[in-house]
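Numbering (this note's numbering), first residue to last: 17 to 206. No residue lacks a Cβ here, since even glycine has one placed at the ideal position from N, Cα and C. In this text the structure is predicted, and so the values were computed from the model without any measurement. Only one structure is covered here, and it is reproduced in the block below.
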Ligand SMILES: O=C(O)CCC(=O)C(=O)O
Ligand SMILES: [Mn+2]
């Protein structure tokens with residue numbers, strides 16, 4: 017357990033073996049149709065600092081950053097990962113958001129995964145492949161005690177309970193040289 021209060025987060029550092037992780041990274045890096053999205057900021061269109069893709073069951077669209085994403089179908093590596101993590105998360109996922117962080121300049125700003133289609137206490141299964149990046153949580157009302165974890169190649173992080181109500185999370189930029197990283201967040205869309 018990573019959070020002391022107000023949420024449930026579990027981390028498995030070596031959920032996939034190094035060999036499986038290398039294979040999955042390669043298959044997803046080359047096989048996913050990675051898209052450059054743009055974020056609306058101060059009336060301007062800014063390219064998002066990462067590439068993304070949304071895959072899932074037919075009809076499970078997902079709206080975030082004011083854009084609605086229609087799902088691409090499940091592929092073999094995505095189904096393999098989903099089947100491996102579902103018994104741990106004890107839920108059936110119907111969609112996955114993929115992020116590709118090309119280098120240390122790519123990042124994800126502070127946010128909670130609290131879109132209405134995720135429901136009140138979503139379980140999110142987050143798999144990391146490739147370069148290790150530092151992931152942080154900060155409490156919405158007690159910002160003094162942030163919590164951090166290094167998301168290593170082949171790791172699984174599960175967020176559940178009231179985590180998204182009370183905590184925000186972030187993947188900061190780094191000036192350290194780091195190889196590309198793929199993150200998959202499996203979700204249940206209502
Ligand atoms: O890259 C990560 O580890 C986190 C991504 C994330 O928070 C998200 O896609 O909502
Ligand atoms: Mn998130």
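Cβ separation of residue i and residue j, assumed to be a contact under 8 Å, to the nearest whole Å
i	j	result
residue 144	residue 113	About 13 Å; that fails the 8 Å criterion.
Beta carbon of residue i nearer than 8 Å to that of residue j
i	j	result
residue 179	residue 24	yes
residue 104	residue 202	no
residue 169	residue 34	yes
residue 50	residue 116	yes
residue 123	residue 63	no
residue 182	residue 165	no
First and last residue of the uninterrupted alpha helix (DSSP H) at residue i
i	result
residue 157	Careful: residue 157 lies outside any alpha helix (DSSP H) and carries neither H nor E.
residue 27	Per DSSP, residue 27 belongs to no alpha helix (DSSP H); it is in the beta strand (DSSP E), 24 to 28.
residue 37	34 to 47
residue 99	92 to 105
residue 182	179 to 182
Proximity test, residue i beta-carbon vs ligand 2 heavy atom, cut-off 7 Å
i	result
residue 122	no
residue 127	yes
residue 185	yes
Any non-hydrogen atom of ligand 1 closer than 7 Å to residue i Cβ
i	result
residue 182	no
residue 199	yes
residue 113	yes
Host beta strand (DSSP E) of residue i (start-end)
i	result
residue 61	60 to 63
residue 202	197 to 203
residue 85	83 to 85
residue 124	124 to 127
CA nearest to the CA of residue i, picked from the options
i	options	result
residue 213	204, 45, 205 and 148	Since the first and last residues shown for the chain are 17 and 206, residue 213 lies out of range.
residue 30	205, 137, 173 and 151	173
residue 81	111, 194 and 132	132
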